[in-house]
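When we follow the numbering used here, the leftmost residue of the sequence shown carries the number 1, and every step to the right adds one.
We put the CB at the ideal spot given by N, CA and C, even for glycine.
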Amino acid sequence: MGKVSYMKLKGSQNLRIRLLLATLSTKSIIIEDIRADATWPGLRPHEVSFLRLLEKVCDDCVVEINETGTKLKYKPGIIMGGRHLVHDCGVSRSISYFLEPLIVLGITNDSKDPSIDTFRSTTLPILKQFGIPAEGLELKIESRGVAPKGGGEVVLSVPMVPNSLKAIKWVDEGLVKRIRGVSFSTRVSVQFENTMIHAARGILNPFLSDVHIFTDHKAGAQAGMSPGYGISLVAETTSGCVISVDTAVSYSRGEDDADLEDDRKDLIPAEEVGEQIASALLGEIKQGGVVDSTHQGLLFLLCALCPKDVSEVRVGKLSPYGIEALRHIRDFLGVKFVMKPDASTGTVNLMCLGSGFQNLSRKVS
């Protein structure tokens, strides 16, 4: 057996997409200086949890972490499809951080990652654009959980892709025709939801009358183990695009997550939450593009995984994560995007030739 060649990287930035691309491209990586100078050096609990999840999903995957957690050696295995797995995500990050077709246990809503409501209303429809079958693609919310103790549970099912994704031309944002949303509350009064909805509608209704925000109040076992509330909004356009924003309000996490200082704050009043999230949605719509800034990285990755055909998409101002995703896609998959800014709209057109990635894990009949 030949000697394994490792791609060398540094720092903790974009660890998740590095591991994902390493797995898809079957390239072994070494990441050094992971928060080496921080007060709490090394990998965080949610990052270790994600590595353990990859070990469950992949056969013959090798993960080596040094004693301080500042150096990671990762040799990807073979992705095994069709498994029914259970994974405990912990309480460091939201379930959406893991984004895997598994049954997972942990936080379903927080202020750091897209909520499960956004994942269901926006992320899954984006997958359908690339030819992933709609039948069997679903997310069920068994219970909700917010920081610090979590307690949420979701079941995510993703059907097997027959062979490969399909290249797309997706450049028409269309006009916003309606806004939908979901507010939630756990272990607090349902009045928090009513206040958020009233405040959000006060911002949105002057622009559009078709605004409906549903409530999802949880109690008992379905409410997780911590009090909190939040809201997710989705703007649907005439061309089938979905632009989303969300937030959640709860108490801070434990001391094991020292980097998440922005989570350590007093609870924001429900009225202010509704106003802020409605304004954030208007900001995303103003930027233009077929997806919101949160989903740019996913959009670019799906384009790169398409067959060797040209895909073209339009986005608003490139987000920092979107820019990093483009760089990592170039380094791991060898796919480069041609970018054409449109000064009249402030949007950016991106084109690429897919890598020709195929689903080798599909069942052969």
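Under the three-state DSSP convention, the category residue i falls into
i, result
"S189", "coil"
"S209", "coil"
"M196", "helix"
"T347", "strand"
"V104", "Annotation note: pLDDT 33 at V104 (below 50); position unreliable, coordinate value reported separately. Three-state result, V104: strand."
"Y251", "coil"
"Y6", "strand"
"L353", "strand"
"P159", "coil"
"G230", "strand"
"D216", "strand"
"I132", "coil"
"G77", "coil"
"G224", "coil"
"G42", "coil"
"P114", "coil"
"S293", "helix"
"L204", "helix"
"S164", "coil"
"R264", "Low local confidence applies: a pLDDT of 44 at R264 is under 50, so the model's placement there is unreliable, with the coordinate-based value given in what follows. Of the three classes helix, strand and coil, the one that applies to R264 here is coil, per DSSP."
First through last residue of the alpha helix (DSSP H) which encompasses residue i
i, result
"H84", "Premise fails: H84 is in no alpha helix (DSSP H) and is neither H nor E."
"S49", "45 to 57"
"L366", "Examination of residue 366 is not possible in this model, given that the chain is present from 1 through 365 alone."
"E272", "270 to 287"
"L367", "As displayed, the chain neither begins before 1 nor continues past 365, which places residue 367 out of reach and without an answer."
"G316", "Premise fails: G316 is in no alpha helix (DSSP H) and is neither H nor E."
"F300", "296 to 304"
"P125", "124 to 129"
DSSP beta-bridge partners of residue i
i, result
"V146", "G150"
"E236", "R178, V242"
"I31", "L9, L72"
"S311", "C352"
"I95", "DSSP output for I95 lists no bridge partner at all."
"E138", "S157"
"K169", "E312"
"S183", "T215, I231"
Rounded distance between the beta-carbons of residue j and residue i, thought under 8 Å
i, j, result
"V290", "V310", "Not quite, the Cβ-Cβ distance comes to about 16 Å (not below 8 Å), so this is no contact."
"R144", "G224", "5 Å"
"T238", "K177", "5 Å"
"D292", "V245", "7 Å"
"M57", "Y74", "What sits at residue 57 in the sequence shown is Val, not Met. Actually they are not in contact, since the Cβ atoms of V57 and Y74 sit about 13 Å apart, beyond 8 Å."
"A280", "L204", "In fact, because the Cβ distance is near 11 Å, the residues do not count as touching under 8 Å."
"V146", "S250", "4 Å"
"N66", "H328", "Contact doesn't hold; Cβ gap of about 23 Å is too wide."
"L53", "H87", "5 Å"
"D60", "I78", "6 Å"
Host beta strand (DSSP E) of residue i (start-end)
i, result
"M339", "337 to 342"
"E64", "62 to 65"
Residue-chain proximity (residue i, chain C), Cβ-Cβ < 7 Å
i, result
"L298", "Any reference to chain C falls outside this structure, which holds one protein chain only."
Distance cut-off 6 Å: residue i Cβ against heavy atoms of the ligand PLP
i, result
"I30", "With respect to small molecules bound, the structure shown includes none, and the ligand PLP cannot be examined in it."
Quiz item: Touch check for the region 146 to 156 and the region 319 to 331: three-plus C-beta pairs under 8 Å?
Solution: no
Practice problem: Determine, using beta-carbon pairs with one atom in the region 37 to 44 and one in the region 64 to 80, whether at least three such pairs fall under 8 Å. | Solution: yes
Quiz item: Counting pairs of Cβ atoms below 8 Å between the region 267 to 274 and the region 156 to 172, do you hit three or more?
Solution: Taking 8 Å as the limit for Cβ pairs, the verdict is that the region 156 to 172 does not touch the region 267 to 274.
Exercise. Spell out a yes or no on whether the region 296 to 312 and the region 352 to 359 are touching, meaning 3 or more CB-CB pairs, one atom from each, closer than 8 Å.
Key: Contact holds: three or more Cβ-Cβ distances are below 8 Å.
Practice problem: Pair every Cβ in the region 205 to 212 with every Cβ in the region 122 to 132, then say whether three or more of these pairs are closer than 8 Å. | Solution: no
Quiz item: Taking contact to mean at least 3 C-beta pairs separated by less than 8 Å, is the region 158 to 165 in contact with the region 186 to 203?
Solution: no
Quiz item: So does the region 221 to 238 actually touch the region 180 to 188, counting three or more Cβ pairs closer than 8 Å?
Solution: They touch, by the three-pair rule.
Practice problem: Report yes or no: do three or more beta-carbon pairs, one from the region 3 to 11 and one from the region 25 to 36, lie closer than 8 Å? | Solution: yes
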